[in-house]
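Everything in the sequence shown is counted per my numbering, starting at 2 for the first residue and increasing by one. Structure first, commentary second.
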Amino acid sequence: MTQTWWKESVIYQIYPRSFKDSNGDGIGDLRGIIEKLDYLKELGVDILWLSPIYASPNDDNGYDISDYYSIMPEFGNMDDFDELLAGIHDRGMKLVMDLVVNHTSDEHDWFRASRQSRDNPYRDFYIWKPEKPNNWQSFFSGDAWTLDPATGEYYLHLFSRRQPDLNWENPGVRQEIYKMMRFWLDKGIDGFRMDVIPFISKRLDFPDADFSDFGKVVEEVYANGPRLHEFLQEMYREALADYDVMTVGEAPGVPPGLANLYVGESRKELSMIFHFGHMFLDWGPKSKFDVRPWSLPEFKQVFLDWHRAVGEEGWISIFLDNHDFPRVVSRWGNDDRYRVESAKMLAILLLTLRGTPSLYQGTEIGMTNVAFSTIEDYRDIETLNAWKAAATAGADLDQLMKGIHRQGRDNVRTPMQWTDSPNAGFTAGQAPWIKVNPNYPHINADAVLKDPDSIFYFYQKLLALRKQHPTLIYGDFEPMAMDHERLFAYKRWDENGVYAVYLNFSDEILADLPHPGEGEYSWLTGNYGPVGSPVAPLRAWEGRVWRGEV
Ligand code: NOJ
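Right under this line is the structure:
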């Protein structure tokens with residue numbers, strides 16, 4: 002397998018709107034990120050991925066772009082961007098931008114022109130139909146087709162009606178996108194995270210879909226379209242091949258069996274993808290807000306399936322949370338009594354699986370979900386649309402609110418908690434664009450930086466450890482005790498060494514652990530401190546890594 006910098010790196014995702022506000026307007030910005038570069042360097046991450054910072058009316062917080070060549074004024078300007086990029090490079094880190102090209106904003110010039118008349122030269126940049134061709138639903142509730150009164154036709158939008166889908170069948174669209182990618186690459190950025198990239202090639206027969214299982218619709222109808230790989234190979238040739246950059250495709254709807262079509266090295270498409278197997282485990286079949294329990298064996302199976310699927314030919318990125326999903330410690334750990342222990346245990350998981358780890362802002366300080374009591378405090382279009390749809394249908398709104406507390410995207414979009422001062426030190430202004438999590442007086446960056454035993458320093462230690470032990474990066478992965486309901490245990494090994502990882506996903510003490518096999522094992526790291534034997538009982542949410550003598 003090829004060894005390369007992006008396999009050896011760790012990604013840190015910044016949601017700029019919520020990271021740090023430098024000018025008191027309540028909205029995070031680029032100068033705020035610049036202020037915190039030393040903090041990120043101290044943590045020890047390698048690649049910063051910024052959620053979109055381009056001009057946008059913010060119907061979906063920047064995932065609706067109105068101009069790919071300019072910076073959202075609330076975030077700053079191109080000089081700020083250049084300074085940020087230089088600051089990142091000066092510190093030996095890299096910058097990855099979000100590439101959102103399945104759709105634009107309805108305020109993009111292309112769409113403004115496209116909607117003007119049926120024979121406008123930009124008409125074909127989007128997907129227009131005289132009648133609604135099918136029953137497709139948008140990810141943000143309601144029809145995926147909207148009638149535009151100006152020309153009396155419907156346009157497709159898999160997300161909000163203000164995010165019309167681009168028509169990738171049109172070579173003019175593709176050339177515009179490659180040109181724009183080269184613009185940013187020529188500025189010296191180090192790669193792209195590609196938003197819903199499996200959706201860009203549409204099924205031109207536009208079949209009806211069965212929405213009793215939304216996950217299946219995504220996989221079989223929205224993602225993996227007929228010309229997708231042709232487009233990705235073209236994009237590689239025309240925009241990426243000349244640069245030493247990485248790409249990571251956001252890949253909802255891609256099952257393990259299709260993985261290497263995207264990331265198989267010889268195919269020259271993407272460096273890696275984010276897979277979603279574990280992310281949908283607790284979604285009910287109809288909606289993410291209709292939460293169902295998840296089990297550890299199925300969680301483990303996801304990682305094993307993906308590991309086997311990519312094998313030696315491809316590579317994936319591993320994430321446990323991002324700007325679209327609940328906080329890692331609230332979802333997979335215990336964010337109450339064992340918040341610190343379980344956050345550290347999950348850090349071990351993230352940093353010892355095979356794949357490039359990606360962590361989301363605030364995870365390193367153990368930030369948790371938030372539970373606002375009123376819908377007025379929520380900002381996310383997905384949540385607000387689901388609420389409106391439920392209210393119109395006369396559905397149980399209390400039940401929905403419980404689902405929002407568990408699954409809503411605003412759980413991870415509350416401002417980064419820097420200090421215990423008002424608004425968590427995120428803004429010097431009166432009102433952040435979304436309220437801070439009320440737990441900031443005790444969960445904040447200042448506090449973890451003062452405590453040598455904190456989650457932050459545990460991440461710092463593990464990030465360094467991963468670099469010192471390349472087996473944790475490139476080594477094979479072999480789980481133990483797959484059926485165990487509370488234990489996630491596995492080995493990583495190659496010619497340089499063998500490592501055994503034991504993670505307790507429960508409040509209980511776990512005894513009767515599986516033995517890692519022949520040889521002497523010494524304790525390498527853990528969230529509770531050293532013990533004598535790899536099979537010594539694991540305490541609540543304990544995680545340990547052992548190094549074997551081979
Ligand atoms: C996936 C992004 O991660 C999400 O935040 C966004 O709403 C949709 N794609 C649409 O761009």
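Using N, Cα and C, we set each Cβ at its ideal position, and we do this for glycine too.
With a threshold of 7 Å, the Cβ atom of TYR379 does not count as near the ligand NOJ, since no heavy atom of the ligand is closer than that.
In the structure shown, GLY426 adopts helical secondary structure according to DSSP, grouped into three states. Applying a distance threshold of 5 Å between residue Cβ atoms and the heavy atoms of the ligand NOJ selects ASP61, TYR64, PHE160, ASP196, VAL197 and ASP325, given in chain order. Around the beta carbon of GLN117, a 10 Å sphere encloses fewer than 16 other beta carbons of the protein chains shown; the residue is thus reported as exposed. In the three-state reduction of the DSSP assignment, ILE317 falls in the strand class. Under the three-pair Cβ rule at 8 Å, the stretch 540–547 counts as touching the stretch 340–350. Relative to the Cα of ASN62, the nearest Cα in the group ARG92, VAL101 and LEU38 belongs to VAL101. For ILE366, same chain residues with a beta-carbon under 7 Å away, outside a window of 5 residues either side, are GLN418, ILE444, ASN445, ALA446, VAL449, ILE456 and PHE457 in chain order. In the three-state DSSP reduction, SER296 falls in the coil class, being neither helix nor strand. One thing to note: ASP484 has its Cβ no nearer than 8 Å to the Cβ of PRO294. Collapsing the DSSP output to three states places ALA501 in a strand.
When DSSP states are grouped into helix, strand and coil, GLN418 belongs to the coil group. With distances taken between CA atoms, ASN440 lies nearest to THR369 out of TYR522, THR369 and GLY29. Take the alpha-carbon of PHE76 and the one of ARG32: they are about 8 Å apart.
Rounded to the nearest whole angstrom, the CA to CA distance from PRO515 to HIS308 is 21 Å. Under DSSP, GLN14 forms a beta bridge with TRP50 and TYR361.
Inter-residue distance for ASN424 and LEU157 is about 40 Å (C-alpha atoms, whole angstroms). Of the other Cβ atoms in all chains shown, fewer than 16 fall within 10 Å of the Cβ of PRO442; this residue is therefore exposed.
In the displayed model, VAL246 falls within coil according to three-state DSSP, outside both helix and strand.
Closest in C-alpha terms to MET195, from the list LYS451, MET402 and TYR64, comes TYR64.
As DSSP reads the structure, ALA56 sits in a beta bridge with ASP68.
Rounded to whole angstroms, the gap between the alpha carbons of GLY258 and LYS289 is 24 Å. Across the set GLU170, LEU186 and LEU85, the C-alpha of LEU85 shows the shortest separation from the C-alpha of LEU38. Around the Cβ of SER52, a 10 Å sphere holds 16 or more other Cβ atoms; the residue is buried. The stretch 131–138 makes no contact with the stretch 164–183, as fewer than three CB pairs between them are under 8 Å. Following the DSSP letters along the chain, one finds ARG32 inside the alpha helix (DSSP H) bounded by residues 31–36. TRP6 carries a helical assignment under DSSP once its states are collapsed to helix, strand and coil.
The bridge partners DSSP lists for GLN138 are ASP144.
No residue range can be given for ASP125, since it is assigned to no alpha helix (DSSP H) and is classified by DSSP as neither H nor E. Under the DSSP assignment, TYR491 falls in the beta strand (DSSP E) whose first and last residues are 488–495. With respect to GLU43, SER23 sits apart: the two C-beta atoms are not nearer than 8 Å. Across the structure, GLY265 and SER272 are spaced so that their CA atoms are roughly 8 Å apart.
When DSSP reads this structure, TYR155 sits in a beta bridge with LYS130 and LEU148. DSSP places SER115 inside the alpha helix (DSSP H), whose first and last residues are 110–115.
Going by beta carbons, VAL174 and PHE126 fall inside the 8 Å limit.
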